[in-house]
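**Student:** Please find one structure pasted underneath; my questions will follow.
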Amino acid sequence: MNSTKKIIVFLGAPGSGKGALSRLCIESFGWKQLSTGNLCRKHVSEGTPLGQQIDFALKSGTLVSDDVIIDMGKQWIEQEIKNTDALILDGFPRTVVQAIGFLKFFDENYEQIKLIIIELRVPDHEIIERLSARLVCSNKACQAVFSARIEKLKSCVDGVCDFCASPLIQRSDDKAEVVAARLATYHLHCEKLTSFYKNVGYVVHVIDGNRGSLEVFESFLKHVGTT
Ligand code: AMP
């Protein structure tokens, strides 16, 4: 297996820019992104058995069970690792139990792949503003993200996706009362997760996410490199 391959784990609150950074990596280098949030929403909208099982967690902003998410992550990694130089894990692992499950799988199978942990840090008040203005493409195969507030992130035509022309909508879990629950859940797990990675010998690279997406991208590339 190519020793320059990487798996990059993104930590960061909802709305911290993990999706935007992933999109820049995909467009620039053809890397692949696992967004467990997007996969979960796809299951719910398609009404699969798994979707019915996890529907409540998504609507209430709480976490889906670790077993379900670990299986989802492992299956996706096995399927995609052959096809790209780098995999981005956006929103997975999100608890210490998930991180233990993931690292066990990683150590057993991908000894020659480099694992890099990135934390995007953005203050809570900015997260709340960003999410209240966030619009996503209603096409589940696209799920592109725009903002009704930040000029550079506005769609060219109000309410219409730049990529596939589908209508833009507000995610139900971006409503104020759910955002508060999601942020609380994030903080509850984030500190434990970063301590865990440090204890097992990984560096957690902290990037200031409270800037424009291109500045964040440049700073990210300094930590990660592209070869
Ligand atoms: P996100 O779009 O990443 O904010 O995720 C949306 C929702 O999907 C979360 O609020 C959870 O209900 C679920 N979810 C996504 N990723 C995970 C994960 N790693 N562990 C547990 N639940 C998750």
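Just so we're aligned, residue -18 is where the sequence shown starts under the working numbering, counting upward by one.
Note that CB positions come from ideal geometry on N, CA and C, so glycine has one too.
1. With DSSP run on the structure shown, which of helix, strand or coil describes glutamine 79?
2. Here's a check: name, in chain order, each residue in its chain whose Cβ is nearer than 6 Å to the Cβ of serine 119, leaving out the five neighbours to either side.
3. Taking 7 Å as the cut-off, does the CB of proline 104 come closer than this to any heavy atom belonging to the ligand AMP?
4. Along the alpha helix (DSSP H) that carries alanine 67, what are the first and last residues, could you check?
5. Could you check whether the Cβ of glutamine 34 sits closer than 7 Å to any heavy atom belonging to the ligand AMP?
6. Do lysine 13 and leucine 68 have their CB atoms nearer than 8 Å?
7. Give me the Cα-Cα distance between lysine -14 and histidine 186, rounded to the nearest whole angstrom.
8. Is lysine 13 helix, strand or coil when you go by DSSP?
9. Cysteine 145: buried (16+ other C-beta within 10 angstroms of its C-beta) or exposed?
10. Would you kindly work out how many angstroms separate the C-alpha atoms of phenylalanine 86 and lysine 55, rounded to a whole number?
11. Start and end of the alpha helix (DSSP H) containing glutamate 172?
12. Quick check on DSSP: helix, strand or coil for threonine -15?
13. I'd like to know whether the C-beta atoms of glycine -2 and arginine 115 end up nearer to each other than 8 Å.
14. Identify the residues that DSSP records as bridge partners of lysine 95: which are they?
15. Of the choices Thr175, Tyr178, Ile(-11), whose alpha-carbon is the least far from that of isoleucine 62?
16. Helix, strand or coil for aspartate 189? Go by DSSP, reduced to three states.
17. The beta strand (DSSP E) that contains leucine 116, what's its start and end?
18. For isoleucine 58, which of helix, strand or coil comes out of DSSP?
19. For alanine 157 and glutamine 93, what's the separation of their Cα atoms in angstroms?
20. For serine 3, name the three-state secondary structure that DSSP assigns.
21. With the cut-off set at 8 Å, would you say leucine 112 and valine 160 are in Cβ contact?
22. Output needed for glycine 209: all residues of its chain with C-beta closer than 6 Å, excluding positions within five of it in sequence on either side, in chain order.
**Tutor:** Looking at the coordinates:
1. Here residue 79 corresponds to residue number 98 of the sequence shown, with the count starting at 1. Three-state result, glutamine 79: helix.
2. In the sequence shown, counting from the first residue as 1, residue 119 sits at position 138. Here the set comprises Ser147, Pro148, Ile150.
3. Start at 1 with the first residue of the sequence shown, and residue 104 comes out as number 123. Proline 104: no, Cβ never under 7 Å from the ligand AMP.
4. The residue you call residue 67 lines up with position 86 of the sequence shown. Per DSSP, alanine 67 belongs to no alpha helix (DSSP H); it is in the beta strand (DSSP E), 67 to 71.
5. One-based indexing of the sequence shown puts residue 34 at position 53. No.
6. One-based indexing of the sequence shown puts residue 13 at position 32. One-based indexing of the sequence shown puts residue 68 at position 87. Cβ distance < 8 Å, so lysine 13 and leucine 68 count as in contact.
7. Along the sequence shown, one-based indexing puts residue -14 at 5. Along the sequence shown, one-based indexing puts residue 186 at 205. If I take the Cα positions, the gap works out to 18 Å.
8. Along the sequence shown, read from residue 1 onward, the residue named residue 13 stands at position 32. In the three-state DSSP reduction, lysine 13 falls in the strand class (E or B).
9. Your numbering for residue 145 matches position 164 in the sequence shown. Burial call: exposed.
10. Looking up residue 86 in the sequence shown gives position 105. Looking up residue 55 in the sequence shown gives position 74. Those two C-alpha atoms are separated by around 7 Å.
11. Your numbering for residue 172 matches position 191 in the sequence shown. Residues 157 to 180.
12. For the purposes of this step, residue -15 is taken as the residue at position 4 of the sequence shown. Note: threonine -15 maps to coil in three-state DSSP.
13. For the purposes of this step, residue -2 is taken as residue 17 along the sequence shown, with counting starting at 1. For the purposes of this step, residue 115 is taken as residue 134 along the sequence shown, with counting starting at 1. Pairing glycine -2 with arginine 115 gives a Cβ-Cβ distance that is not under 8 Å.
14. Here residue 95 refers to the residue found at position 114 of the sequence shown. DSSP lists Lys(-13) as partners of lysine 95.
15. In the sequence shown, residue 62 corresponds to position 81, counting from 1. Ranking the options by Cα distance to isoleucine 62, first place goes to Ile(-11).
16. As a position in the sequence shown, residue 189 is number 208, starting the count at 1. Three-state result, aspartate 189: strand.
17. Locating residue 116 in the sequence shown gives position 135, counting from the first residue. Run containing leucine 116: 115 to 118, per the beta strand (DSSP E) assignment.
18. For this step, residue 58 is matched to residue 77 along the sequence shown. Residue state, collapsed to three classes: helix.
19. For this step, residue 157 is matched to residue 176 along the sequence shown. For this step, residue 93 is matched to residue 112 along the sequence shown. Computed Cα separation, rounded: 43 Å.
20. If you number the sequence shown from 1, residue 3 lands on position 22. Looking at serine 3 - three-state DSSP - the assignment turns out to be helix.
21. Counting from one through the sequence shown, the residue named residue 112 turns up at place 131. Counting from one through the sequence shown, the residue named residue 160 turns up at place 179. Between leucine 112 and valine 160, the CB-CB gap stays under 8 Å.
22. Any property of residue 209 remains undetermined from this structure, which presents the chain solely from -18 to 208.
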